[in-house]
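Going by my numbering, the letters in the sequence shown line up with residues 867 to 1446, in that order. So the structure is just underneath, and the comments pick up after that.
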Amino acid sequence: MIVNTKNHYYDVLIIGGGGSGLAAAIFAHKKNLKAAIISKVHPLKSHTVAAQGGINAALGNIKADDWRWHAYDTIKASDWLADQDSVETMCKSASKMIYMLKDLGVEFDLNEDGLIDQKIYGGQSTNFGTGDLAYRACYSKDRTGHSIMHKLYEEALSLGIDFYNYHFVLDLLHADNICYGVATWDIENGIINLLQSKNTIIATGGYSQIFATATSSNICTGDGNGLIARINGSLQDMEFVQFHPTALNKIGILITEAARSAGGILLNNNKEPFMAEYAPKFKDLAARDVVSRAIATEINEGRGAGVNKDHVWLDLTHLSKEEIKQNLPTIFENCQEFINIDPSIDLIPIAPAAHYTMGGIPTNSNCQVIKYNENGETKIESLFAIGEAACISVHGAGRLGCNSLLDLIVFADVVVNNLQNKGRKIDVSIFEKEIINKLQNILDKNPADVELLRDNLKDIMSKNVGVFKSKENLVIALDKINEINQQFLKAGISDKSLQWNMELQHYLELENMITSAMATIKSALWRQESRGAHWRNDFPEANELYHAHSIFNMNSNILKREVRKILKNVDFYQPHKRNY
């Protein structure tokens, strides 16, 4: 087993080549910092390319808007659990970031006046929720993430930023509460690298692949969560998983909210619109958790469509084929390719699917990773987290549509402005034996069916930890995930090579998925209330006792962390019942 420990020292190492990772590398380079990106796939295979709908900013190009209204909608969608100082940072910075992306070459759609066009999106309003729907989402057809990713990647290449593509991060090089870098497995060459840096940023994305039906890429396996858990760090708000209301039934391919922004209507098996019963004002454009629960309720109460009554319909037939192909080309292509229908003629079968994970690695407002115990919080020196991997927390219990791309870019800028300049070098060879032993232990054990364990985990989570939860189902899920973990600890793999060993990669990912699943279930059991995307049938109301972040540590009880409510430019947004 070859281990390379030489000549790898950076100002900043970024784990993840998606939108947040690429943006952070670009911002770092502009500050004359030597940056490198580590990605287990080619960056353009990262999940950010799949983001369809748009990116929020209160530009006011269509109708008057204000970043404070955007902040209000964000905090309301979070069910009052977002950290409001971070929300303020994000919403105030939004316009600047949009124009930065435009200058980078992102081809936003333009209106008749040549300004960046903006459309309405679910849960977005004017005048602190008392006005009309807000035109706030900037977009590039229905391929906004794709457009942004390609320009970020082109810029990173032109700047000469180092890429370690097809490198899987095995562990953080961590000692005495300081992160010194990472250990990676070079999937292509079968070599182990120990890379040092002054700063390490985790930008590994979310963990929604712990569910059987998810809109995310297969690579969204909670790798950052695993890295943190293995250094005895904390995870925050893991119970909050957003189920997107409209994914192709049983397939999980996303049908963007832009379809409903364009006038798409949800229908039950009787071809009746039903969202007015659940959200009288916003109807089909209510917050995502509201729409997902409405769809799940229609299905559960026997009004689902199809032979199995397991979905509802999305009706786009008011649009011509040309309009859909022009404005929603991804939807048209996916409907043709995956289910062989024409959405200008046929109703689209949709159901909720796991989409975005609000929980993850807790950070302070500067994106520095923090861990919690009974004595309070501690910063982990030289370690940061951004993007969906992080819980900063701008999304709280529920993310507002089109805020995820904004989150990626804004906090990539914030983290670079807070990186540490002091270098701490260490003889990384002290980590060599531990890393070799980790891999050798996997190779030495008797082979087991890792794919079967992975599929079983996903099925358990989907059946028991979905849109609606209860203590009974959560306990069942926890017991079964514990059984899977016991099987996993004894499991090895049949392929003993270190080059292009997908069985080994899936094994390493499964370890991270088990950690993420256990944290999700235990946090959901602790939160005896319904808030945002977390709905407990046995506790259907919000409870002020749980108006706090949940903190998960391995082998200990769930802790509470208070919501940050300090804002510079506006008063604290007081919680009230959410109505749409």
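For glycine and all other residues, C-beta sits at the position ideal for the given N, C-alpha and C. These figures come from a predicted structure and were not determined experimentally.
Delimiting residues of the beta strand (DSSP E) encompassing phenylalanine 1109: 1107-1114
Beta-carbon contacts of tyrosine 1412 that lie in its chain and below 6 Å, excluding the five residues immediately before and after: Once the five neighbours on either side are set aside, the close Cβ partners of tyrosine 1412 are Arg1393 and Glu1395.
Environment of leucine 981 [buried if 16+ CB atoms lie within 10 Å]: exposed
Candidates Asn1084, Thr996 and Asn1055, of which the one nearest alanine 1220 by Cα: Asn1084
Short Cβ contact (8 Å threshold) for alanine 960 with leucine 1272: yes
Counted within 10 angstroms of its Cβ, other Cβ atoms place lysine 1324 as buried (16 or more) or exposed: Lysine 1324 is buried by the Cβ-count criterion.
C-beta contact flag for leucine 1285 and valine 878 at 8 Å: yes
Proximity winner among Met963, Gly1088, Lys942 and Trp935, relative to alanine 1251 (alpha-carbon distances): Comparing Cα positions, the closest option is Gly1088.
Pairwise C-alpha distance: tyrosine 1005 and isoleucine 921: 6 Å
Arginine 1009 - DSSP class collapsed to helix/strand/coil: coil
Own chain residues within Cβ distance below 6 Å of alanine 943, not counting five before or after: Gly989, Ala1153, Gly1264 and Leu1266
Rounded separation between asparagine 1522 and glutamine 1306 - CA only: Nothing about residue 1522 can be reported from this structure: the residues present for the chain run from 867 to 1446 only.
Residues near tryptophan 933 by beta carbon distance below 7 Å, same chain, minus five either side: Ala924, Cys957, Lys958 and Ala960
Inter-stretch contact at 8 Å, needing at least 3 Cβ pairs: the stretch 1306-1321 / the stretch 1360-1373: yes
Spatial distance of arginine 1126 from glutamate 973 (CA atoms): If I take the Cα positions, the gap works out to 22 Å.
Phenylalanine 994 vs isoleucine 903 beta-carbon contact at 8 Å: Contact: no.
Nearest to isoleucine 1197 (by Cα), restricted to the options Asp1008, Ala1095 and Asn1312: Asp1008
Range of the contiguous alpha helix (DSSP H) that encloses proline 1195: 1195-1205
Under the three-state DSSP convention, the category lysine 1335 falls into: Lysine 1335 falls in the strand class under three-state DSSP.
Chain-order list of residues whose beta-carbon lies under 6 Å from that of asparagine 1419 (same chain, five-residue window excluded): Ser1100
Nearest candidate by alpha-carbon position, reference histidine 1184, set Gly1129, Leu1023 and Ile1227: Gly1129
Per-residue burial, glycine 1170 [other beta carbons within 10 Å of its own, 16 or more giving buried]: buried
CB contact flag (leucine 1133, leucine 1213, <8 Å): yes
Exposed unless 16 or more other CB atoms sit within 10 angstroms - verdict on histidine 895: buried
Glycine 1226 and alanine 1256 closer than 8 Å at C-beta: yes
Strand pairing of serine 905, partner residues [DSSP]: Asn1031
Segments assigned alpha helix (DSSP H), at least 4 residues, entirely inside the stretch 878-963: 885-896 and 933-943
Nearest candidate by alpha-carbon position, reference glycine 1011, set Arg1430, Asn1403, Gln918 and Val1260: Residue Gln918 is the option with its Cα nearest to glycine 1011.
Assigned secondary structure, histidine 1485 (DSSP; H/G/I helix, E/B strand, else coil): Because the chain in this structure spans residues 867 to 1446, residue 1485 falls outside the shown range and cannot be described.
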